[in-house]
Structures are given as C-alpha cells and as structure tokens.
Amino acid sequence: MSTVRWGLNFPVRYKFIALIAGVLLLAGAGGGMGVDYLIRETVGQGLKSEFVNSAKNFRGLAVPSVSASGKQRLHAIAGANEEIASHLHRSLRAIRLTFYVAFAAALALLVPLAVYVCGMVTRPLNEMAGIMDRIEKEGFHARMPVTATDEVGALLRSFNRFMGQVDAHHQASQDLLNESTCELEVGCYERSVVEKKLRDHTLFLQTVLNTIPSPVFYKDRHGVYQLCNRAFATMILGIEETEIQGKTLFDLPGQIPRQLAETYHRKDLELMEAGGVQTYEHQVRCADGSIRDFQFSKATVVDNGGRVSGLAGVMQDITSINRAKEKIVQQSEEIAATNRELEKLASLDSLTGLKNRRVFEESLNAHAHLARRNNSELSLIILDIDNFKEYNDRFGHPAGDEVLIQVGRLLKGGARQTDLSARYGGEEFAVILPDTGKEGALIRARRFQQCFADHPWPKRDITISCGVATVCFGGGQGPISLCKIEPIIAQADKALYHSKQHGRNRSTHADDIGGGAPH
Numbered sequence: 022m023s024t025v026r027w028g029l030n031f032p033v034r035y036k037f038i039a040l041i042a043g044v045l046l047l048a049g050a051g052g053g054m055g056v057d058y059l060i061r062e063t064v065g066q067g068l069k070s071e072f073v074n075s076a077k078n079f080r081g082l083a084v085p086s087v088s089a090s091g092k093q094r095l096h097a098i099a100g101a102n103e104e105i106a107s108h109l110h111r112s113l114r115a116i117r118l119t120f121y122v123a124f125a126a127a128l129a130l131l132v133p134l135a136v137y138v139c140g141m142v143t144r145p146l147n148e149m150a151g152i153m154d155r156i157e158k159e160g161f162h163a164r165m166p167v168t169a170t171d172e173v174g175a176l177l178r179s180f181n182r183f184m185g186q187v188d189a190h191h192q193a194s195q196d197l198l199n200e201s202t203c204e205l206e207v208g209c210y211e212r213s214v215v216e217k218k219l220r221d222h223t224l225f226l227q228t229v230l231n232t233i234p235s236p237v238f239y240k241d242r243h244g245v246y247q248l249c250n251r252a253f254a255t256m257i258l259g260i261e262e263t264e265i266q267g268k269t270l271f272d273l274p275g276q277i278p279r280q281l282a283e284t285y286h287r288k289d290l291e292l293m294e295a296g297g298v299q300t301y302e303h304q305v306r307c308a309d310g311s312i313r314d315f316q317f318s319k320a321t322v323v324d325n326g327g328r329v330s331g332l333a334g335v336m337q338d339i340t341s342i343n344r345a346k347e348k349i350v351q352q353s354e355e356i357a358a359t360n361r362e363l364e365k366l367a368s369l370d371s372l373t374g375l376k377n378r379r380v381f382e383e384s385l386n387a388h389a390h391l392a393r394r395n396n397s398e399l400s401l402i403i404l405d406i407d408n409f410k411e412y413n414d415r416f417g418h419p420a421g422d423e424v425l426i427q428v429g430r431l432l433k434g435g436a437r438q439t440d441l442s443a444r445y446g447g448e449e450f451a452v453i454l455p456d457t458g459k460e461g462a463l464i465r466a467r468r469f470q471q472c473f474a475d476h477p478w479p480k481r482d483i484t485i486s487c488g489v490a491t492v493c494f495g496g497g498q499g500p501i502s503l504c505k506i507e508p509i510i511a512q513a514d515k516a517l518y519h520s521k522q523h524g525r526n527r528s529t530h531a532d533d534i535g536g537g538a539p540h
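The sequence shown begins at 22 in the numbering used here and counts up one residue at a time.
In structure tokens, the structure reads:
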C-alpha cells in the first residue's frame with residue numbers, strides 16, 4: 022500500500038514518460054521475441070529437414086557393403102552440415118543484435134519526443150495548478166495565459182471565461198456579504214444594546230419585586246412560571262426563585278399538592294378565557310408549616326395583538342386582617358350587648374326594674390305626639406304608697422326597698438302591653454295609658470288599688486293612692502312639646518294630693534276636683 026501511495030505522488034509528466042517508456046519496452050520485447058521466434062522457426066525447420074535427410078543417407082550408407090569412399094563422403098557431408106549450423110547461429114545472433122540496436126536507437130529518439138509531448142500536455146496543467154494556488158492566495162482575478170490554438174488552448178480559454186464569471190459572481194457575493202456583514206454587525210450591536218437594556222430592566226424589575234413583601238408571580242399562557250419575587254419563592258414554596266422559573270404548578274409536587282395545583286390551574290384557565298381581573302381568598306400552607314389566609318389578585322397580560330400571553334398575580338396576606346375582623350365582630354357583639362345593658366340600665370330604675378323618670382318623660386312626650394296625630398285620648402296615673410315613710414321608720418329601709426321592688430312587680434304585672442310603668446321618684450310611680458279616656462283610666466287605677474290590697478304583704482298591709490289626668494287631642498291643637506305635657510303631670514299630681522287628703526287608698530280624677538287637664 023505504501024508503494025502505491027508513493028507512486029501516485031509522482032508528477033503527471035513522469036507518469037506519462039513512464040507510460041510511454043513502458044509501452045516502448047513492451048513493444049521492443051514483444052518484437053524481439055517475435056523475430057527470434059520467426060528465425061528459430063524458419064531456420065530450425067530447414068536444419069531439421071537437412072539433418073533428417075543426412076541421417077537417412079547415413080543410415081543407407083551404414084551397411085556393410087559401403088565402400089571406403091562412401092564413408093569419406095558421409096563424413097564430408099556431416100562436417101558441411103556442422104559448418105552450416107554454426108554459420109546460421111552466428112547469423113541469428115547478428116540479426117538479434119541488429120534488432121536490439123535498432124530498438125535502442127528508436128527508443129533513444131522516442132524518449133525525448135515523449136518528454137516534449139508530455140511537457141506540452143502537462144504544462145497547462147501545471148499552469149492551472151499555479152493559477153489555483155494564486156486563486157487561493159489572491160482570489161479569483163488570476164487568468165491562464167493562452168499560447169496554443171489546439172484543444173488545450175480551447176480548454177484554457179474556457180477556463181478563463183469560467184473564471185471571469187466566477188470572479189464576477191464572487192465580487193457580487195463579496196459585496197452582498199460585506200453589506201450583509203455590516204447590517205449583521207449593526208443588528209448584533211443593536212441586539213446587544215437591547216439585550217443589555219433587557220437585562221438591566223429585568224434586574225431592576227427583580228429588585229423591585231424582591232422589595233415587595235407580598236408574594237408576586239407571572240405565568241405565561243401555558244401556566245409556566247416566568248418570574249416571581251423572593252417572598253413567593255421563600256415564604257410560600259420554601260425554595261429559590263431559579264427553582265421555580267420554567268416550571269408549572271404540577272412540576273412542584275413537593276411544595277404544591279396535586280389537588281391544590283388543579284384548583285389553582287382551573288382558576289387560571291377561567292381567567293385566561295374570560296380576561297380581566299380575578300380576586301378570591303384562599304388558605305395556603307406556607308413553607309414554615311403555618312396556614313394563612315391570602316387574597317389572590319390576578320390579571321391577564323396581553324401582547325401587541327391583543328392576545329392573552331399570560332397572567333400576573335399578587336398574594337396579599339390577610340390573616341391578620343381576618344383575625345382583626347373576627348376580633349372586631351366579637352368586640353362589636355360584646356359592645357352591642359354592653360350597650361344594650363347600659364341602655365337598659367340607663368332606662369330602668371335599678372331597684373324596681375321599671376322605667377326611670379327620664380324614659381317616662383320621653384315616652385309621655387312621644388305618646389302625646391301620637392295621640393295628637395291620631396286625635397285620640399291619653400291618660401296618666403300617678404300613684405303613691407300610703408304611709409311609706411312610717412313603714413321605713415318602723416321596719417327599716419331594706420324592708421322598704423322590698424316593698425318598692427314588689428310594687429314594681431305588681432305594676433308590671435297589672436299593666437297592659439301598651440301601657441308604660443315607671444318609677445317617678447321615691448315612693449311615687451306613674452303609668453301612661455295610651456288611647457284611654459277618663460273612665461278607663463279610673464278603672465285601671467282602681468284595679469291597681471285592688472291588686473295591692475289583695476297582695477299578701479309580709480309586714481303589714483300596703484295601700485296606694487292614685488291621681489288620674491286625661492287629655493283629649495283634636496280640634497286643631499298645635500304641636501305638643503315637653504313643656505306642654507307638664508300640665509298633664511301637674512293635674513295628675515294634684516289629683517293624687519286630693520286622694521291623700523281625703524283618706525288615702527283611693528283614686529281621684531283631676532276633672533272631678535275642678536281645673537282638669539287642658540283639652
């Protein structure tokens with residue numbers, strides 16, 4: 022194999038000369054062998070025939086009857102044959118030598134001719150090889166010098182025309198390449214500038230997002246996380262931001278359970294289909310194991326074509342807000358209960374449980390307005406415990422307080438649902454009777470008297486004295502004010518005084534003593 026490679030590395034002219042020399046040598050060897058064979062066949066056959074005839078003659082003469090002269094003749098013939106054979110061999114060597122000399126002379130003439138012809142054939146090839154080297158070094162401007170008019174010259178002219186076209190195309194391609202290279206360099210520079218700005222903006226955005234304490238994230242149209250801040254990564258998932266980017270909800274099973282991932286994904290698909298903003302609350306188990314309340318606020322992101330390209334979301338921790346709301350609700354309920362209790366305490370007499378004087382006056386004013394609007398009657402009873410000071414002095418104030426408590430119970434038990442009973446002051450009590458005239462009011466007062474008389478008092482019997490006043494609205498009276506209801510109270514108090522002056526344990530209407538309540 023090395024010999025073949027070594028032979029293939031010879032120049033073409035040497036191969037051509039070797040080829041011609043080989044052909045000449047083969048031709049010479051073949052011609053010599055042919056001449057030799059021809060001579061051998063021609064001369065050999067003659068000698069053979071001659072030797073055969075001589076042998077026959079010799080055999081014919083070799084009988085006993087042959088004379089001595091015959092034997093001499095035979096020996097002479099044999100010697101002549103030997104001389105002829107020797108002469109033929111010398112002639113054969115001379116012919117062979119002449120052929121080889123002529124072949125050598127022809128070879129000596131043909132080798133320079135072959136070298137010349139080989140040079141004529143290989144010179145254009147060598148020049149083309151040189152041109153190729155020049156093209157490799159200088160470009161496609163090189164041309165082949167054409168000196169011959171034969172096929173080699175035609176080949177060289179075709180080669181020059183081809184190189185001219187190649188040079189033109191190469192120049193055009195070079196110009197286009199230079200222009201494209203310039204545009205590419207400008208584009209690369211602009212791209213590098215844009216990429217740098219993008220990196221700067223991304224870094225700035227990431228820095229801003231990391232300063233936000235609330236978790237923030239951005240997903241593309243396929244639900245793949247593209248961006249998130251440190252709060253989302255560490256507080257919610259407990260991993261780094263780089264471990265989240267490029268993944269979906271379902272790619273983080275260690276941080277987001279499958280069922281929860283499906284819930285979030287379903288809500289994301291609903292938002293991307295509908296567009297706009299989505300807000301909802303959900304409990305989330307954070308990376309530290311705590312369960313906290315979050316408000317999810319998501320909005321779709323659209324591209325220049327108006328197509329939804331993803332969504333951005335913010336998770337606001339509202340655990341403290343919800344706890345505060347729950348505490349506020351609880352405190353509000355407690356405050357409302359306290360207010361109701363305070364209102365009750367502010368409107369009730371602490372000892373008897375009846376309405377106090379303030380509520381009594383406000384209620385009397387309200388009932389007076391209602392009676393005027395309805396053109397109805399309004400009555401008032403003021404009652405007093407008979408000889409109550411004597412009772413306190415005799416049995417003590419605790420016993421007196423028990424009497425006052427029992428009086429309150431009796432008044433609440435004997436009053437109608439529409440009536441209002443109140444402690445007016447000390448041992449005096451008042452009962453407002455809406456839609457009640459003089460006769461009805463006296464009946465109610467006497468029933469109270471009977472109730473007190475029938476009650477089993479522990480120390481001694483307790484009686485009451487009542488004063489009754491009635492006002493009838495109608496006939497176009499003007500608005501009622503608190504100062505205008507004071508005469509009603511005064512008339513009832515005057516009737517009470519009359520009952521006490523006339524024996525106690527009785528009821529008196531203001532109209533029956535003169536100077537009744539105004540109509």
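Each residue gets a CB set at the ideal place from its N, CA and C atoms; glycine is no exception.
Quick one: is residue i buried, meaning 16 or more other Cβ sit within 10 Å of its Cβ, or exposed?
{"i": "His243", "result": "exposed"}
{"i": "Thr202", "result": "exposed"}
{"i": "Met153", "result": "exposed"}
{"i": "Val44", "result": "exposed"}
{"i": "Ile257", "result": "buried"}
{"i": "Ser213", "result": "exposed"}
{"i": "Gly208", "result": "exposed"}
{"i": "Ala129", "result": "exposed"}
{"i": "Gln186", "result": "exposed"}
{"i": "Gly327", "result": "exposed"}
{"i": "Val428", "result": "buried"}
{"i": "Gly421", "result": "buried"}
Report yes if the CB atom of residue i is closer than 8 Å to the CB atom of residue j, and no otherwise.
{"i": "Leu332", "j": "Lys268", "result": "no"}
{"i": "Val489", "j": "Ile406", "result": "no"}
{"i": "Ser400", "j": "Thr491", "result": "yes"}
{"i": "Leu598", "j": "Thr263", "result": "Nothing can be reported for residue 598, as the shown portion of the chain is limited to 22 through 540."}
{"i": "Lys319", "j": "Val350", "result": "no"}
{"i": "His21", "j": "Leu431", "result": "The requested residue 21 does not occur in the structure, where the chain is confined to residues 22 to 540."}
{"i": "Val380", "j": "Val237", "result": "no"}
{"i": "Asn250", "j": "Ile265", "result": "no"}
{"i": "Asp338", "j": "Ser235", "result": "yes"}
{"i": "Lys376", "j": "Leu441", "result": "yes"}
{"i": "Ala466", "j": "Ser528", "result": "yes"}
{"i": "Arg313", "j": "Thr284", "result": "no"}
Going by alpha carbons, who is nearest to residue i out of the options?
{"i": "Trp478", "options": "Lys319, Arg111, Glu423", "result": "Glu423"}
{"i": "Phe271", "options": "Val245, Arg415, Gly310, Thr232", "result": "Val245"}
{"i": "Ser486", "options": "Gln195, Ser520, Thr359, Leu224", "result": "Ser520"}
{"i": "Phe494", "options": "Gln522, Asp456, Ile483", "result": "Asp456"}
{"i": "Ile342", "options": "Gly100, Gly327, Phe473, Glu302", "result": "Glu302"}
{"i": "Val329", "options": "Asp289, Phe473, His390", "result": "Asp289"}
{"i": "Tyr445", "options": "Asn396, Thr284, Gly374", "result": "Gly374"}
{"i": "Glu507", "options": "Lys480, Glu382, Ala436", "result": "Glu382"}
{"i": "Ile21", "options": "Phe315, Gly296, Ile453, Ile464", "result": "Absent from the model: residue 21. The displayed extent of the chain is 22 to 540, so no value can be given."}
{"i": "Phe315", "options": "Glu398, Phe253, Ala389", "result": "Phe253"}
Put residue i into one of helix, strand or coil per three-state DSSP.
{"i": "Asp241", "result": "strand"}
{"i": "Glu302", "result": "strand"}
{"i": "Asp533", "result": "helix"}
{"i": "Asp314", "result": "strand"}
{"i": "Cys209", "result": "helix"}
{"i": "Lys376", "result": "strand"}
{"i": "Val489", "result": "strand"}
{"i": "Gly446", "result": "strand"}
{"i": "Glu261", "result": "coil"}
{"i": "Lys268", "result": "coil"}
{"i": "Arg521", "result": "For clarity, residue 521 is Lys in the given sequence; the question names Arg instead. Here Lys521 sits in helix by DSSP."}
{"i": "Thr321", "result": "strand"}
{"i": "Val136", "result": "helix"}
{"i": "Asp440", "result": "coil"}
{"i": "Pro508", "result": "helix"}
{"i": "Asn526", "result": "coil"}
{"i": "Ala126", "result": "helix"}
{"i": "Leu29", "result": "Bear in mind that a pLDDT of 45 at Leu29, under 50, signals an unreliable position, so the number given afterwards is only what the model happens to contain. Here Leu29 sits in helix by DSSP."}
{"i": "Ile483", "result": "coil"}
{"i": "Val452", "result": "strand"}
For the alpha helix (DSSP H) containing residue i, list its first residue and its last residue.
{"i": "Cys472", "result": "459-475"}
{"i": "Ile426", "result": "418-435"}
{"i": "Gln559", "result": "There is simply no residue 559 to check, as the chain begins at 22 and stops at 540 in what is shown."}
Along the beta strand (DSSP E) that carries residue i, what are the first and last residues, could you check?
{"i": "Gly331", "result": "329-338"}
{"i": "Leu399", "result": "398-406"}
{"i": "Leu248", "result": "246-249"}
Can residue i be considered in contact with the ligand ZN, in the sense that its beta carbon sits closer than 7 Å to one or more heavy atoms?
{"i": "Asn199", "result": "Ligands displayed in this structure: none; no statement on the ligand ZN is therefore possible."}
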